[in-house]
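Take the sequence shown: its position 112, counting from 1, is numbered 111 in numbering that gives the first Met the number 0, and each next residue is one higher.
Quick reminder that beta carbons are idealized off the backbone N, C-alpha and C, glycines included.
Notes follow once the structure below has been shown.
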Amino acid sequence: MYVLDHGKGLSAIKKECRSVYTCILCKRLLLKYGSLLAEKEKADAIVTGDSLGQVASQTLRNMMVEQHGIKTPVLRPLIGFDKEEIVGLAKEIGTYDLSIKQSVPCSAVPKHPSTRADLKRVLFEEKKLQVNALVESIVDGAKVFKL
């Protein structure tokens, strides 16, 4: 299991980029980490828990923008599930109790996140991050745990 310091990436987004794109840029970083780790581990895909329309980063348009340029295929097995179906599945596989534990909400979520992001604008914002060096630095600093 890899644990990455995503705080460094999120801080860069908050400092350098327009806040309306924070969630999309955050998700792009996460997918870039996953793609780099998949390459290192010789994995064939990235699997996410995305469900269409649950949050701003999970609109169909935003998902397309988020995965643009990601070399590794992104699988979304819950894409068409509604909240009740996801809760039922979580109970069935024993992850429900973990999913409802009190956690600190993300402090980076903007008041008005984009739900229909424009790819060109997102890529323009992402250029401010020197994203390749940022992603490599964060992945290189990962803590690895054997399970």
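Please work out which residues of its chain come closer than 8 Å, Cβ to Cβ, to residue i, disregarding the five sequence neighbours upstream and downstream, and give them in chain order.
{"i": "Y95", "result": "V86 and A89"}
{"i": "L133", "result": "K7, G8, A11 and L28"}
{"i": "C16", "result": "L24, E124, E125, K127 and L128"}
Shortest alpha-carbon distance to residue i belongs to which of the options?
{"i": "L9", "options": "K127, F144 and L146", "result": "K127"}
{"i": "L51", "options": "D81, F123 and K119", "result": "D81"}
{"i": "L122", "options": "L35, V64, L59 and Q101", "result": "V64"}
{"i": "T21", "options": "A116, S136, V138 and I137", "result": "A116"}
Taking the alpha helix (DSSP H) that residue i falls in, what are its first and last residues?
{"i": "S34", "result": "T21 to E40"}
{"i": "K145", "result": "Segment: none, K145 is in no alpha helix (DSSP H) and carries neither H nor E."}
{"i": "G52", "result": "Segment: none, G52 is in no alpha helix (DSSP H) and carries neither H nor E."}
{"i": "G6", "result": "H5 to E15"}
To which residues does DSSP link residue i through a beta bridge?
{"i": "I45", "result": "V73"}
{"i": "V2", "result": "K142"}
Among the residues of its own chain, which have a CB less than 7 Å from the CB of residue i, if the five just before and after it don't count?
{"i": "D49", "result": "Q57, M62, R75, L77 and I78"}
{"i": "G140", "result": "D4"}
Near residue i, which residues of its chain fall below 6 Å by C-beta distance, leaving aside the five closest residues on each side in sequence?
{"i": "K31", "result": "V134"}
{"i": "K26", "result": "S56 and E65"}
Give, in chain order, every unbroken run of the alpha helix (DSSP H) that is at least 4 residues long and sits entirely within the region 66-133.
Listed in chain order, they are 82-92, 95-98 and 118-126.
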